[in-house]
Each structure stands twice: as structure tokens, then as C-alpha cells.
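Remarks on the structure that follows.
Protein chains in written order, with the numbering used here: chain A, 6 to 481; chain B, 6 to 481.
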């Protein structure tokens with residue numbers, strides 16, 4: 006090791022950064038990046054933006070990266086001066102992931118939009134981090150292939166990998182952890198590495214791919230992703246089915262999963278959410294709890310799945326079904342589902358919904374959802390529920406007037422009870438949104454002190470200067 | 006930190022251990038474990054046993070652990086004296102994973118056979134590390150559920166997790182990384198932790214589960230595993246189909262995977278292997294390349310899959326099919342496949358087959374297999390090929406007279422070329438056997454220096470004393 010830099014390597018960021026360091030970094034970035042560097046107030050605030058009530062904590066500067074090398078260069082410059090780097094994709098995260106609580110430089114990857122390779126014969130493709138999920142599928146349109154993971158927002162693939170995202174198709178196709186073959190990552194030292202080959206499986210060493218997936222930019226920055234692709238099913242059939250109660254809908258889901266029916270999507274919307282869909286997308290539905298369903302397969306297998314599901318639903322009082330086999334009808338249905346965040350806003354105009362999520366073992370789903378609905382009612386909170394219930398994962402989005410301190414307090418307590426309920430049922434404090442800033446307080450409740458300390462050991466080892474998205478996940 | 010122990014914490018094992026340390030550890034273990042501690046030559050050698058030509062390097066002592074706490078206590082005692090600990094399951098690893106090159110204590114987990122919980126309603130179960138895959142399925146027999154991962158040997162679930170094992174069902178059900186919800190792990194400091202809840206998915210922090218899966222006991226010791234289970238398919242149909250060439254068989258596999266046919270098993274055996282099956286299990290097959298197949302689903306979907314596969318196979322000159330729908334016929338077929346290591350020995354009695362594996366992107370499968378077969382022929386080596394070809398993964402088991410130095414040299418060179426061929430085709434040096442000692446030399450070729458250094462950083466951080474199965478995977 007070079008003795009000149011040894012003392013500096015031992016230094017690490019422990020609080021708000023030194024303004025002198027920021028000035029030095031900004032100067033160096035301006036020299037290297039010209040007008041890819043932006044320091045205007047508006048752009049900085051946009052990069053600390055959040056859809057929730059987490060306060061905006063803007064970075065000191067934003068660099069629009071155009072390549073992995075750009076990202077590496079920003080990290081190297083920041084590492085030299087102990088200045089934080091925060092990766093930014095589309096800004097749709099929900100738990101304060103992109104905030105800059107200590108200040109620092111936001112690396113905006115949204116211009117990294119190259120599809121680097123498509124290997125239809127291997128059912129994979131390689132994309133830059135700024136490509137969004139819809140752009141991937143747009144690009145694949147003529148190949149007969151698709152990429153299934155679909156968080157509500159049209160998020161960037163890099164952000165989806167960094168938060169271990171999933172969405173409506175996860176019940177059949179898994180989450181980002183199951184659908185990434187390998188990553189290109191920029192480390193905390195500004196080194197560029199690949200985590201894996203394109204082989205479908207490997208036992209050759211530690212699973213670096215899965216280590217970075219879900220690490221929320223705290224261990225390194227994901228710049229390229231090799232994604233698994235799937236053939237577009239020969240037959241797709243979508244439907245909605247209404248139920249007398251949320252419990253009846255959940256029990257239908259539980260039985261569907263337990264019988265191994267390979268359903269592609271099974272989504273719950275409670276009566277409040279159905280009203281919101283009617284408001285927002287004019288779906289004209291009866292305001293009762295509902296499942297959104299989709300079946301993938303051959304014509305014969307879709308017909309068979311549909312029939313079997315119908316029998317299960319009927320036994321729980323479900324029906325009638327509304328079918329959508331035409332692509333445009335299906336799109337309308339799923340667009341409504343994906344726009345739920347905006348739909349929920351129609352329930353109480355001018356007030357923000359706060360999206361949060363928990364995930365429990367499927368056998369506890371009905372209990373968790375019904376107890377949560379009862380808690381909301383008893384607390385006088387308008388809290389619509391929607392969820393990827395096939396995985397035991399659901400979202401609850403209380404509508405809260407942030408100018409009413411009493412209401413804010415009630416909602417905060419309600420959300421704490423929701424997470425604790427999920428944990429007590431053997432679940433997790435977040436199924437797919439990630440930890441960010443807002444769920445850090447639950448990490449110790451979910452993980453034992455030893456497990457959390459192990460995460461911190463990894464963080465300290467991979468980011469000894471504590472510059473990679475500091476103050477998030479396991480802040481050390 | 007306690008200042009008294011601070012200096013010791015900085016020490017780490019860098020070569021063969023001090024005999025005085027071994028003596029101290031053995032004394033402490035004897036006091037704690039009584040006759041669970043064994044130091045006889047025969048038992049020590051059995052714990053350095055390997056099915057390959059890797060030399061036997063026995064540990065200094067063996068402790069038969071009966072609980073997670075036992076494992077933690079052994080690790081604590083060894084950590085105090087800088088003595089290596091090597092986890093041992095059933096001893097069926099193929100790359101020298103259980104050897105003790107620096108000496109140390111082997112922790113035999115084979116007595117940890119408790120099934121701790123079965124949650125049929127959540128499709129999961131919790132088992133101790135010493136339970137074997139067949140024992141899991143035996144236990145599940147009356148539940149209608151099964152655990153699909155099946156490496157050839159009846160390996161322990163702990164060992165399978167530690168090596169990221171897979172097997173014949175991986176093409177449909179994935180590998181150990183896809184089928185473990187969470188682990189109980191003993192760390193290098195002898196702490197006990199759980200890596201995850203039983204929720205089907207989570208975004209709550211770093212993926213500790215996947216970090217330990219495939220880490221081969223070098224970061225911690227897996228003592229309990231929460232496994233995903235599946236409903237036994239309503240219909241199962243198995244078949245063999247023969248082909249005019251290995252290339253025709255591989256091309257059939259490639260097309261099957263590319264069309265998205267959800268085949269449960271698709272295994273290649275070359276003509277040599279078919280002869281070996283005939284010798285070993287009296288299958289009475291024509292000695293031509295063959296695929297072993299299995300279809301899972303409803304009656305209707307199995308019929309449909311079978312028909313579609315038949316069309317693909319026929320287009321590549323495959324046939325006739327031999328069907329096995331009765332459970333006992335299927336068992337006979339798959340037992341023959343799982344016994345391939347022993348079957349191969351019949352091709353040249355008295356000589357050992359050396360099992361190795363590579364895995365390539367599916368589009369390169371036919372090239373890789375045919376080039377390998379040609380290489381064997383040109384090198385005058387008897388090297389039967391068999392593989393989980395649906396994943397692009399195959400095994401090559403040269404039969405080598407270890408007393409013939411010229412032949413040993415030729416086989417070594419042949420195996421190096423095989424791995425390089427796999428890597429050049431975008432594959433991995435091991436699809437499922439793991440790195441152990443024997444594949445360490447390829448780690449730098451497969452991973453970049455930066456990626457390998459990252460693995461070493463993790464190893465140093467989690468095992469600062471270098472006592473967890475040292476000299477394996479990324480030896481630091």
C-alpha cells in the first residue's frame with residue numbers, strides 16, 4: 006500500500022461532511038464532468054425527492070452519469086474527500102433511499118439507457134442501470150420475450166435491483182433476487198467488477214450478485230444488470246373477482262397457493278381501494294373486496310387453472326368474475342392496479358397516501374390483513390389495503406393530513422403496530438419497498454443483534470470510509 | 006472492547022497450526038464434549054475423505070455435534086486458540102471441501118437430524134443440518150409435499166446449502182439458493198444467528214441467507230435450514246429418449262428450454278454412460294446418447310408437455326421413447342441416474358472416475374459437450390459425460406489410473422481445458438459441485454481480480470482469524 010495514502014484510507018465519514026471537502030469535490034467533478042454536474046437548488050431537491058413524508062434532504066450536487074466509468078470516477082473523487090455518494094434512478098423509492106442526510110453527491114443513472122446485449126437463445130439480456138422496466142419490455146417487443154418484474158412505478162432496473170424489488174408477477178416469477186444473473190458494480194473504492202458469468206447457475210464462490218441486490222447502494226453502485234427473460238405465454242387471461250369480505254378473499258389466496266396452482270398474478274384490493282380505482286380509472290366496479298388475477302400458460306393450461314381457481318373462489322363466496330382476455334382490456338386493468346398510489350389520493354383529495362408494506366407467511370395473511378383493517382377503523386384512519394397477496398405481501402396506504410399533528414401521531418402509531426404485527430406473525434418489516442431511512446428502526450426487531458452486527462461488519466468491510474449512501478439500511 | 010482480549014483478536018491463522026494449540030483445544034473439547042470428541046486415526050481420515058484424487062488431509066479431531074449450541078461451543082474453543090473448524094455433513098463433496106490442510110477440528114453434523122418444524126400451510130419446513138435430502142422427503146411422505154433438490158448423493162441439507170447444490174430438478178425448481186428461506190448460522194466468533202424470517206420475500210437488509218449459501222463453511226457454519234416445499238404434482242411422467250448423437254440430444258434440450266416448456270428434469274447421458282447404466286443397473290438400453298426426462302403437472306398439462314417435447318425430439322432424430330409412469334419404474338430410472346458415479350466405475354474396473362462439472366449458457370451447451378467429447382477421444386481418455394443439461398450444466402468423469410503418471414498428466418490437462426472451454430463460452434468453472442480446494446485455481450480466471458478481492462474482503466471481515474475452513478474457496 007502507498008504510505009502516502011495510508012492515513013487517509015483509515016479515515017471515515019462519521020457525521021455531516023466538511024464544507025471544504027464538498028467544495029473540493031465539486032471543483033474536481035466540474036473539471037471532469039462539465040455540464041453533467043448540476044448544483045441548482047431545484048435539481049438537488051428533486052434528487053432528495055420522496056413520495057412519502059420523509060423530509061427532503063437534498064444532495065450538494067448531482068452528476069448525470071453516462072457510463073460505468075463515469076460512476077467509477079465520481080466515486081473515486083468522492084472517496085478521496087470522504088464525501089457520500091447516493092445512486093439515483095427514477096426517484097420512485099418509498100422509504101427515503103435517495104435522500105442525502107449527510108449531504109454528498111447524487112449519481113443520477115437515468116441517462117444510462119443502453120440495452121447492451123440481448124441473448125434470446127439464452128433467455129437473458131444485459132441492460133444499463135437507467136433503463137426502466139417498461140423500456141426493457143418495449144425493446145423486447147418483437148422477440149417474443151418479456152421481463153416480468155413490475156413494481157408499481159416504472160422504476161429503473163438498477164433501482165429495482167438495489168432494493169430487491171418485486172411486484173405483481175413475483176408470485177409466479179420471483180423477485181429481483183431470482184431474476185438477475187449478474188451485475189456490474191462500482192465499489193466504494195471506485196473499482197468496476199462483475200459479480201457473475203451468464204451461466205444459469207454456479208457454485209463458484211460467494212454470491213456477490215445477491216449481496217448487492219437489496220443493498221440499496223450502501224455497498225456499491227449497480228451500473229449494469231443481466232436479467233433473466235421469459236417467453237411471452239401462449240395464453241394470458243386476466244380477471245377480477247369480488248368477495249364478501251377481505252378475509253374471504255385472503256382465504257381464497259391461501260388455498261390457491263397451498264394447492265400449487267401456478268397463478269401468475271393474484272392481487273388484493275380492499276373495498277376502499279376499489280372505490281379509488283373507480284374514482285381514478287372509471288372501472289365501474291362494485292365497491293367490495295376484490296382479487297385481480299392473471300393466468301399464464303398454454304391455452305389448455307390456462308383454461309384448467311381458471312377452472313380450478315373458480316372452484317376455490319366460489320367455495321369462499323367469490324364472484325362474479327369479470328374476464329379480460331384482450332390485451333387492451335388487460336392493460337387497462339393492470340394500469341389501474343399499478344396506479345394505485347394515485348388512485349388512493351382520490352379518496353381524500355389534497356392529502357398524501359403513505360405507502361408501506363409488510364410480508365408474512367401465507368398462512369397468516371388473512372389474520373394480518375383483517376387485524377390491520379380493524380386497527381385502522383378503530384384508530385379513525387383511512388388506510389386502504391392492496392397487496393401482492395400470493396406472496397403474503399401487502400401494502401397499506403394511510404391518507405394523512407400532515408398538517409394535523411394528532412392525525413400524524415395516530416398514523417405513525419398505526420404503522421408501527423402494522424410492522425410489529427407482521428414481525429410477530431413471522432414476517433418481515435418490508436417485503437419489497439426496502440429499508441431506506443424509514444424502516445431502519447425495525448431492523449433490530451426483525452434481525453437479531455448478531456445478524457444486524459454481521460450486516461454492519463459487511464458494510465464496514467466493503468465501505469470502510471462510510472461514503473456509500475450513508476445513513477441507510479444499517480447505518481454504521 | 007475488552008482490552009485483555011484485544012491483542013488476541015488481532016491474531017490470525019496464517020499456516021499450519023501450532024501443536025500446542027491443538028493440544029489445548031483437544032483438552033478443552035474433551036472436557037466439554039466427552040465421547041462426542043473422537044481423535045482416532047480412522048475417524049479422522051474418514052473426515053478428510055474425498056471421492057476424488059484430492060489427497061486425504063485429516064483433521065486433528067472430530068466432534069459429533071448434537072445441537073447448534075454444540076457447534077457454537079466448538080467454534081468458540083477453536084477461535085480462542087486459532088484452530089481451524091471444518092464442517093462435515095455426509096462427506097460426499099467432490100472438490101476437497103472437508104479436508105483439513107492446516108489441521109484443525111472437524112465438526113460432524115450428521116447427528117443433527119431433527120426436523121424442527123413443518124408448516125404445510127406455508128409450504129416450508131425447518132430442519133437441522135444433518136438431515137439428508139432423502140430423509141426430508143421420507144418425513145414428508147404423508148403430507149403431499151416434497152423437497153425437490155437432489156444432488157446425486159444423499160447429501161445432508163446443511164452440506165447442500167453450504168455448496169449451493171442443485172441436481173436433476175433444478176431446471177424446474179432452482180438450486181439451493183432458490184429453495185432456502187432462511188438459515189441458522191454459527192459465526193466465526195461462535196455467535197448464533199438467524200439470517201431471515203419465514204416470509205416468502207423480504208427487502209429488509211443484506212441477503213445473509215444467500216451470502217452463506219455456497220460459502221462452503223468458510224464464513225460460518227449452517228446448523229438449521231428453512232426449506233421451501235412443493236406439492237407433489239398430480240401427475241408425473243418419466244421417460245428416456247435416445248438420439249443419434251450428443252449434439253442432437255443437446256439441440257433438443259436447447260430448443261426445449263428456449264420454448265419455455267416447464268420440464269421438471271432433462272438429463273443427458275452420452276453413449277459411454279448408457280453402457281455404464283446397463284452394466285450397473287441392467288437397464289438394457291441401446292448404447293446411444295440419451296435424455297432422461299420427467300414432466301410434472303396436472304394430467305392435462307403433463308400430456309401436453311409430453312406431446313410438445315416429443316415433437317421437438319423427433320425433429321432432432323430422437324426416439325423411441327420409453328415411458329415410466331409407475332412410481333417404481335420411475336424410481337429405478339432415477340436411481341440409475343443418481344448412481345452414475347458408481348456406474349461409471351464399471352467402464353474400467355479398479356480405476357476411479359473423477360467427477361467435475363462446468364455450466365455454460367444454454368446456447369453453448371451442444372458446442373461445449375461435443376468439443377469436450379472430441380478432446381477426450383483425441384487425448385485417449387475415457388471420459389463419460391452426463392449432465393443437468395437443462396441448466397447448461399454437465400459433468401465429465403474421466404476414468405484415470407492414478408498409478409500411471411502419464412495418464413494422470415493427460416487427464417489433468419484435459420480437465421483444465423474443459424474448465425477453460427466453459428469459461429470461454431461465458432460459463433462457470435462449477436455449476437454445482439463448489440470450489441473446495443480443487444477449483445480454487447480457476448477462481449481468478451472466472452472472477453476478475455476486483456471481484457475475487459471483494460470475496461476475500463468479505464472472508465477477512467467475517468472470519469478475521471481465518472479459522473473457518475481455511476484454505477478453501479478464496480483462501481486468504
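The beta-carbon is built from N, C-alpha and C at its ideal position, and this holds for glycine as well.
- With fewer than 16 other CB atoms across the displayed protein chains lying within 10 angstroms of its CB, residue 159 (chain B) is exposed.
- The Cβ of residue 192 (chain A) sits closer than 9 Å to at least one Cβ of chain B.
- Not a single CB atom of chain B sits nearer than 9 Å to the CB of residue 51 (chain A).
- Cβ neighbours of residue 249 (chain B) within its own chain (closer than 6 Å, five residues either side excluded): 322.
- Taking C-beta separations shorter than 6 Å and ignoring five residues to either side along the sequence, the partners of residue 213 (chain A) in its chain run 200, following chain order.
- Residue pairing from DSSP places residue 69 (chain B) in a beta bridge opposite B:113.
- Nearest CB-CB separation between residue 467 (chain B) and chain A: below the 9 Å threshold.
- Counting every other CB atom within 10 Å of its CB across the protein chains shown gives residue 40 (chain A) a total below 16, marking it as exposed.
- Put simply, the CB of residue 238 (chain B) is near chain A, with a gap under 9 Å to one of its CB atoms.
- For residue 440 (chain A), same chain residues with a beta-carbon under 6 Å away, outside a window of 5 residues either side, are 478 in chain order.
- With fewer than 16 other CB atoms across the displayed protein chains lying within 10 angstroms of its CB, residue 418 (chain A) is exposed.
- Across the structure, residue 216 (chain A) and residue 229 (chain B) are spaced so that their CA atoms are roughly 21 Å apart.
- Boundaries of the alpha helix (DSSP H) harbouring residue 467 (chain A): 454–467, taken from the DSSP string.
- Distances from the CA of residue 266 (chain A) to each of A:61, A:164, A:395 and A:451 were compared; the closest alpha carbon is that of A:395.
- The stretch 177–248 of chain A is shown to contain whole alpha helix (DSSP H) runs of 4 or more residues at 181–184 and 213–217, in chain order.
- Per DSSP, the continuous alpha helix (DSSP H) segment holding residue 285 (chain B) begins and ends at 276–286.
- The three-state reading of DSSP puts residue 24 (chain B) in helix, counting H, G and I together.
- Put simply, the CB of residue 434 (chain B) is near chain A, with a gap under 9 Å to one of its CB atoms.
- Boundaries of the beta strand (DSSP E) harbouring residue 129 (chain B): 129–133, taken from the DSSP string.
- DSSP lists no beta-bridge partner residue for residue 152 (chain A).
- Chain-order list of chain A residues neighbouring residue 183 (chain B): 179 and 183, by C-beta distance under 8 Å.
- Each residue's CA atom was taken as its position, placing residue 461 (chain A) and residue 481 (chain A) some 6 Å apart.
- As for any alpha helix (DSSP H) of minimum length 4 sitting wholly inside the stretch 394–445 of chain A, the runs are 410–429, ordered along the chain.
- Collapsing the DSSP output to three states places residue 343 (chain B) in a helix.
- Secondary structure note for residue 295 (chain A): its beta strand (DSSP E) is the uninterrupted segment 295–302.
- Comparing C-alpha distances from residue 132 (chain B) to each of B:114, B:452 and B:147 shows the shortest one belongs to B:114.
- Residues of chain A with a Cβ closer than 9 Å to the Cβ of residue 197 (chain B) are, in chain order, 453 and 455.
- Nearest neighbour of residue 268 (chain A) by Cα position, chosen from A:247, A:251, A:297 and A:293, turns out to be A:297.
- When CB distances to chain B are screened at a threshold of 7 Å, the residues of the stretch 365–383 of chain A falling below it are 365, 366, 367 and 368, in chain order.
- Rounded to whole angstroms, the Cβ separation of residue 360 (chain B) and residue 346 (chain B) is 6 Å, and the two are in contact under 8 Å.
- Taking a C-beta distance under 9 Å as the contact criterion, residue 327 (chain A) and residue 293 (chain A) do not qualify as a contact pair.
- One finds 125, 126, 127, 128 and 236 in chain A with Cβ atoms closer than 9 Å to the Cβ of residue 263 (chain B), taken in chain order.
- Close to chain A, meaning a Cβ-Cβ distance shorter than 7 Å, are the following residues of the stretch 202–235 of chain B: 202, 203, 204, 205, 206, 207, 208, 209, 210, 211, 212, 213, 215, 216, 218, 219, 220 and 235.
- Look at residue 291 (chain B) here: in three-state DSSP terms it is coil, with no helix or strand label.
- Residue-level contact check: residue 396 (chain A) touches chain B, since one or more beta carbons of chain B fall below 9 Å from its beta carbon.
- The three-state secondary structure of residue 268 (chain B), taken from DSSP, is coil.
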